[in-house]
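Only one structure is covered here, and it is reproduced in the block below.
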Amino acid sequence: MKEYNKMVSLIESIGEDSQKRRIKEKNALRGHEPKCKVCNSKYQKEIEHMYELKHPFKDIKVYMGDKQELITEMSISRHFKNHYPKRKAYFDNVKTMEDESIQEAIKYYPHLKDMFQETSLIGIKWFLIMNKQILKR
Numbered sequence: 038m039k040e041y042n043k044m045v046s047l048i049e050s051i052g053e054d055s056q057k058r059r060i061k062e063k064n065a066l067r068g069h070e071p072k073c074k075v076c077n078s079k080y081q082k083e084i085e086h087m088y089e090l091k092h093p094f095k096d097i098k099v100y101m102g103d104k105q106e107l108i109t110e111m112s113i114s115r116h117f118k119n120h121y122p123k124r125k126a127y128f129d130n131v132k133t134m135e136d137e138s139i140q141e142a143i144k145y146y147p148h149l150k151d152m153f154q155e156t157s158l159i160g161i162k163w164f165l166i167m168n169k170q171i172l173k174r
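Each residue of the sequence shown is one higher than the last, beginning at 38 in the working numbering.
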């Protein structure tokens, strides 16, 4: 019985290690670092959008302070040096694949074109609203 329990424990341990490894690989692929304050912020997209609009790190820090999230300029800088390039490349690739899939779907089912255009308009409206909120600061 002892040997059986050891074996079960070993198998569970291997499974847990394997799952941790998969999560770590997925995070690395997506440019996510579990210890990074920006990567773990619920405002990550806003922070990255401000960066793309060329806001200085100091302004991003102040903006986050207004949101009750304390973050240093060094943490912001490190995120954009080490994590953001991988994250951007990953999601640019996802976007490209989505666009190709949409074009393929429209090619075979032309009636879907109107539906995709309507969805794009919703995305554009959201983008404009986000820009207004960020530029108000």
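No residue lacks a Cβ here, since even glycine has one placed at the ideal position from N, Cα and C. Treat the numbers as computed from the prediction; the structure is a model and nothing was measured.
Judging by CA-CA distance, which residue of the options is the nearest neighbour of residue i?
i           : options         : result
residue 81  : 104, 60 and 151 : 104
residue 115 : 127, 106 and 88 : 88
Please look up how many angstroms separate the CB atoms of residue i and residue j, rounded, as I've assumed it's under 8 Å.
i           : j           : result
residue 98  : residue 113 : 6 Å
residue 85  : residue 121 : 6 Å
residue 59  : residue 127 : About 16 Å separates the two Cβ atoms, so there is no contact after all.
residue 106 : residue 78  : 6 Å
Does residue i pass the burial test, meaning 16 or more other C-beta atoms within 10 Å, or should it be called exposed?
i           : result
residue 75  : buried
residue 101 : buried
residue 62  : exposed
residue 108 : buried
Leaving out the 5 sequence neighbours to the left and right, which residues in its chain are closer than 8 Å to residue i when beta-carbon positions are compared?
i          : result
residue 95 : 110
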